[in-house]
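Presented below is the structure to which this report refers.
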Amino acid sequence: MNDCIFCKIIAGTIPSISVYEDDDIKVFLDISQTTPGHTLLIPKKHITNIFEYDESLAQKVLTKIPMIARAIKKSNPKISGLNIVNNNGAIAYQSVFHSHFHFIPRFAATDSFAMTFKDNSGEYSSAKLQEIANLIHKNMED
Ligand code: 5GP
Ligand code: ZN
């Protein structure tokens, strides 16, 4: 795609620090280095976000996640955890609209990455939870 920064990185017209690539994916360091070793995995095919993966592309791209995660972990003995983050849509903090997965090595509770899950469980009856689950299930593809 012409105007996509990650397509330009794949084409080599914008430089990047590459970690790995094959026919289907490119793995490179995120310019922000939120924590040291912050890495991005992208499909070479331009798709906007998770909603556009078919099963074949998902198989080619997503099955590489554990291999990349293990390599990052082994690259630095100070890494004690790893957040894998995939933002889909501007409301979900996506700023580059070529699908990507962040690998964010974690060193300490006080390092530069944080994520908050608010606990709203008190506001949900089991009937309401079941209704939500049923709606999701009903919309699953075969
Ligand atoms: P998002 O906010 O869409 O989930 O993440 C986009 C990520 O792309 C950001 O973490 C940002 O630092 C990274 N990024 C944006 N432009 C470039 C670039 O030109 N090179 C590299 N290596 N990373 C980039
Ligand atoms: Zn692209």
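Quick note, the sequence shown lines up with residues 331 to 472 if you use the numbering used here.
Every residue gets a Cβ at the ideal spot worked out from N, C-alpha and C, and that includes glycine.
Cα separation between residue i and residue j?
{"i": "residue 462", "j": "residue 468", "result": "10 Å"}
{"i": "residue 366", "j": "residue 415", "result": "16 Å"}
{"i": "residue 457", "j": "residue 464", "result": "10 Å"}
{"i": "residue 404", "j": "residue 397", "result": "11 Å"}
{"i": "residue 471", "j": "residue 395", "result": "23 Å"}
{"i": "residue 426", "j": "residue 334", "result": "8 Å"}
{"i": "residue 388", "j": "residue 446", "result": "27 Å"}
{"i": "residue 450", "j": "residue 440", "result": "25 Å"}
{"i": "residue 363", "j": "residue 385", "result": "31 Å"}
{"i": "residue 351", "j": "residue 400", "result": "16 Å"}
{"i": "residue 341", "j": "residue 448", "result": "40 Å"}
Can you tell which of the options has its C-alpha closest to the C-alpha of residue i?
{"i": "residue 345", "options": "333, 359 and 459", "result": "359"}
{"i": "residue 376", "options": "451, 418, 445 and 336", "result": "336"}
{"i": "residue 339", "options": "419, 372 and 353", "result": "372"}
{"i": "residue 353", "options": "347, 374, 333 and 370", "result": "374"}
{"i": "residue 331", "options": "451, 428 and 466", "result": "428"}
{"i": "residue 379", "options": "447, 422, 342 and 443", "result": "422"}
{"i": "residue 317", "options": "419, 406 and 413", "result": "As displayed, the chain neither begins before 331 nor continues past 472, which places residue 317 out of reach and without an answer."}
{"i": "residue 437", "options": "343, 406, 424 and 392", "result": "406"}
The ligand 5GP heavy atoms versus the CB of residue i: any closer than 7 Å?
{"i": "residue 386", "result": "no"}
{"i": "residue 417", "result": "yes"}
{"i": "residue 434", "result": "no"}
{"i": "residue 412", "result": "no"}
{"i": "residue 362", "result": "yes"}
With residue i and residue j assumed to form a contact (beta carbons below 8 Å), what rounded beta-carbon distance in angstroms separates them?
{"i": "residue 409", "j": "residue 368", "result": "That pair is no contact at about 11 Å."}
Sorry if obvious, but does the Cβ on residue i come closer than 7 Å to a heavy atom of the ligand ZN?
{"i": "residue 331", "result": "yes"}
{"i": "residue 368", "result": "no"}
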